[in-house]
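By the working numbering, the letter at position 334 of the sequence shown is numbered 346, and the numbering carries on one by one without gaps.
Heads up, the beta-carbon is just placed ideally off N, CA and C, and yes, glycines get one too.
First the structure, in the form of structure tokens, and then the observations on it.
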Amino acid sequence: GKCVCRPNSGWRGADCSEPYVPFCVNQCNDKGVCKEGFCHCEPGYYGIDCSVPAVLTPEERAFPVRSPKVFVYELPPRFNTWHLSNCRSGMPRAADPVNGSLFEEVHGPHKTAMFLLERLLESDHRTLDPLQADYFFVPLWDACDHNGRGRLRYLEEGLEYVAATWPYFNVAPDRHLVVAPTDHGACAYNRHPLLGQARLLVHWGWEGPPKDVASAEQACSAPPKPHAPPEPCFMPGKDVVLPPWVPHEGQYSTNFAARSPLLAAAAAGHDNAARLAADAKRIKRLYVDRQLEGLVHGLEKDPQCASAAELIDRDDENFVVRASALNGNDNHLDGYATSTFCLSTASNGWSPYTTLAIIYGCIPVIIQDHVSMAFEEDLPYWQFSLRINVTDAPSIARLLRQVSEDHIKQYQEALACVWPRFLWSSVHGDYAGEDGSQDAFATLMWILQERLEDEKKLAGINETAIDGTAHKDLISLATTCYFDDTKALTEVGVGPK
13 GKCVCRPNSG WRGADCSEPY VPFCVNQCND KGVCKEGFCH CEPGYYGIDC SVPAVLTPEE
73 RAFPVRSPKV FVYELPPRFN TWHLSNCRSG MPRAADPVNG SLFEEVHGPH KTAMFLLERL
133 LESDHRTLDP LQADYFFVPL WDACDHNGRG RLRYLEEGLE YVAATWPYFN VAPDRHLVVA
193 PTDHGACAYN RHPLLGQARL LVHWGWEGPP KDVASAEQAC SAPPKPHAPP EPCFMPGKDV
253 VLPPWVPHEG QYSTNFAARS PLLAAAAAGH DNAARLAADA KRIKRLYVDR QLEGLVHGLE
313 KDPQCASAAE LIDRDDENFV VRASALNGND NHLDGYATST FCLSTASNGW SPYTTLAIIY
373 GCIPVIIQDH VSMAFEEDLP YWQFSLRINV TDAPSIARLL RQVSEDHIKQ YQEALACVWP
433 RFLWSSVHGD YAGEDGSQDA FATLMWILQE RLEDEKKLAG INETAIDGTA HKDLISLATT
493 CYFDDTKALT EVGVGPK
């Protein structure tokens, strides 16, 4: 047989004799010893990452917390850190070749619960006083060989434990944040009664009619699902769609950020004029990612997929639709870097295509009816992307030809402002020298604060946030970067979600 080393044990190699640095949450903050994913804290500290003092000093009690204030539950290890030493698949942490610890180089959704927990624990939004909290984060990791009913039951048990141990869930269930990081977001859980009450953080926002969920993978990018949930999976105004994590290197290519004209210009400190001059060299075509190409061709015999299949390898006078092999180069990132428009459909649920297009400065053309994109409820997507109904897909070349050069320039200017919102820079480090103050985590905090203020207004509570910085930055961004003109969209017949 083959010797298999215990995951995250600190030992690897053919005979498990080679030492490496195992991973623990925030590496125990240098206040404990990491053993197989579990922090053994020094006297005077406790918590999943040894960050909580057993006794708070007056200074610590007086430390200001930014709004929204988030309380993070301490759960038994079986709901999170146990996975680090007991998962033989699906564990999103691994040792690197130089004896460090890092995320695996994949963009899959399952690591979101892990890195969001780490970021919250060290964030100035964290409060140690649950009575002060605006929201409650439930640190459940479901990446350990869970699928189908097993995953649902795992999350059910986590919320049942929270509801039975603390009084807060029963009082304010919709203030509880739960990451549902599967390909189909909340649809994978069929809205269990407790999950249905919580505020879910997902990567796929299906908000269409239940009877239409079988066609949720728009533009025929995946087989239909046989079981429809009893109601729309994504609840607008409560749940939040998050962008996926995009690795610096690895899965996509080496020098990932440097290959993006947008990020490369930002890293070099180029002004808008220089950056737009580079964007002007893009070819006016719609780029179709190689993964979408295969999925569409595989289903083109289905009558519902015929219109989508027509998008592949199609020439149309002054507008060219190409598949991923551009000029004999099979690296799909070249398509994002050199094309004006980039197709974004679903891909067996969530997909990274919209995020890839944005950070490469390519205008996303979204064909996903009834699916909410990352932060779409709160960011002005109409200013940096195009939405086209599935029924209009056969006319896509004609519609995109109608987008004027001035409007293309305006979309590109907006992309140059919004791209930091789709990267988790404050978690994983910068991509182009950005400081992380306007990254995906900051945007999530801003959205949660805005929802909180809206709920207070509806309840007739006139309170002012203690710290408005969380949302002032985005208001400033909207007034200085985005153009405010919906005519470009109405001209090309862009439809609703």
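Within 7 angstroms, strictly: CB atoms of residue i and residue j
i, j, result
"residue 423", "residue 375", "yes"
"residue 255", "residue 124", "no"
"residue 513", "residue 148", "This structure cannot speak to residue 513, because the chain is shown only from 13 to 509."
"residue 291", "residue 344", "no"
"residue 61", "residue 128", "no"
"residue 196", "residue 153", "no"
"residue 59", "residue 66", "no"
"residue 215", "residue 362", "yes"
"residue 352", "residue 296", "yes"
Residue i versus residue j: straight-line alpha-carbon distance, rounded
i, j, result
"residue 306", "residue 458", "Interpretation of residue 306 is limited by its pLDDT of 47, a score under 50 that renders its predicted location unreliable; no figure is taken from the coordinates."
"residue 252", "residue 17", "38 angstroms"
"residue 282", "residue 372", "15 angstroms"
"residue 382", "residue 164", "24 angstroms"
"residue 428", "residue 277", "9 angstroms"
"residue 206", "residue 384", "23 angstroms"
"residue 394", "residue 426", "10 angstroms"
"residue 182", "residue 410", "53 angstroms"
"residue 249", "residue 219", "11 angstroms"
"residue 136", "residue 188", "18 angstroms"
"residue 354", "residue 346", "11 angstroms"
"residue 19", "residue 46", "13 angstroms"
"residue 76", "residue 143", "15 angstroms"
"residue 483", "residue 273", "Confidence in residue 483 is poor, its pLDDT being 40 and thus under 50, which makes the residue's placement too unreliable to answer from."
"residue 175", "residue 130", "23 angstroms"
"residue 259", "residue 440", "8 angstroms"
"residue 412", "residue 396", "14 angstroms"
"residue 28", "residue 21", "9 angstroms"
"residue 166", "residue 204", "12 angstroms"
"residue 472", "residue 210", "23 angstroms"
"residue 438", "residue 468", "29 angstroms"
"residue 563", "residue 434", "Nothing in the structure corresponds to residue 563, since the chain is present only between 13 and 509."
"residue 387", "residue 126", "20 angstroms"
"residue 456", "residue 140", "20 angstroms"
"residue 420", "residue 168", "47 angstroms"
"residue 87", "residue 26", "35 angstroms"
"residue 445", "residue 452", "15 angstroms"
"residue 38", "residue 48", "14 angstroms"
"residue 513", "residue 449", "Examination of residue 513 is not possible in this model, given that the chain is present from 13 through 509 alone."
"residue 470", "residue 146", "16 angstroms"
"residue 200", "residue 34", "31 angstroms"
"residue 15", "residue 97", "16 angstroms"
"residue 31", "residue 24", "6 angstroms"
"residue 40", "residue 288", "45 angstroms"
"residue 268", "residue 392", "26 angstroms"
Residues that DSSP places opposite residue i in a beta bridge
i, result
"residue 375", "353"
"residue 79", "Answer by DSSP bridge pairing: none, since residue 79 is not bridged."
"residue 30", "24"
"residue 53", "44"
"residue 138", "82"
"residue 16", "Answer by DSSP bridge pairing: none, since residue 16 is not bridged."
"residue 1", "Given that the chain is displayed from residue 13 to residue 509, the structure contains no residue 1 and the question cannot be resolved."
"residue 445", "For residue 445, which the question treats as bridged, DSSP gives no partner whatsoever."
"residue 218", "383"
"residue 212", "190"
"residue 64", "58"
"residue 147", "82"
"residue 398", "377"
"residue 37", "Note: residue 37 sits in no beta bridge, so no partner."
"residue 252", "213"
8 angstroms contact criterion, which residue i and residue j should meet: CB distance rounded
i, j, result
"residue 80", "residue 50", "Not quite, the Cβ-Cβ distance comes to about 29 angstroms (not below 8 angstroms), so this is no contact."
"residue 212", "residue 192", "5 angstroms"
"residue 403", "residue 380", "The Cβ separation is near 13 angstroms, so there is no contact."
"residue 151", "residue 84", "6 angstroms"
"residue 436", "residue 178", "That belief does not hold up - the Cβ atoms of residue 436 and residue 178 are roughly 29 angstroms apart, past 8 angstroms."
"residue 349", "residue 271", "6 angstroms"
"residue 465", "residue 390", "The pair is not a contact, with the Cβ atoms about 12 angstroms apart (cut-off 8 angstroms)."
"residue 53", "residue 43", "6 angstroms"
"residue 246", "residue 198", "6 angstroms"
"residue 377", "residue 298", "6 angstroms"
"residue 138", "residue 82", "6 angstroms"
Short CB-CB distance (under 7 angstroms) between residue i and chain B
i, result
"residue 211", "The chain labelled as chain B is not found in the depicted structure, where only one protein chain is given."
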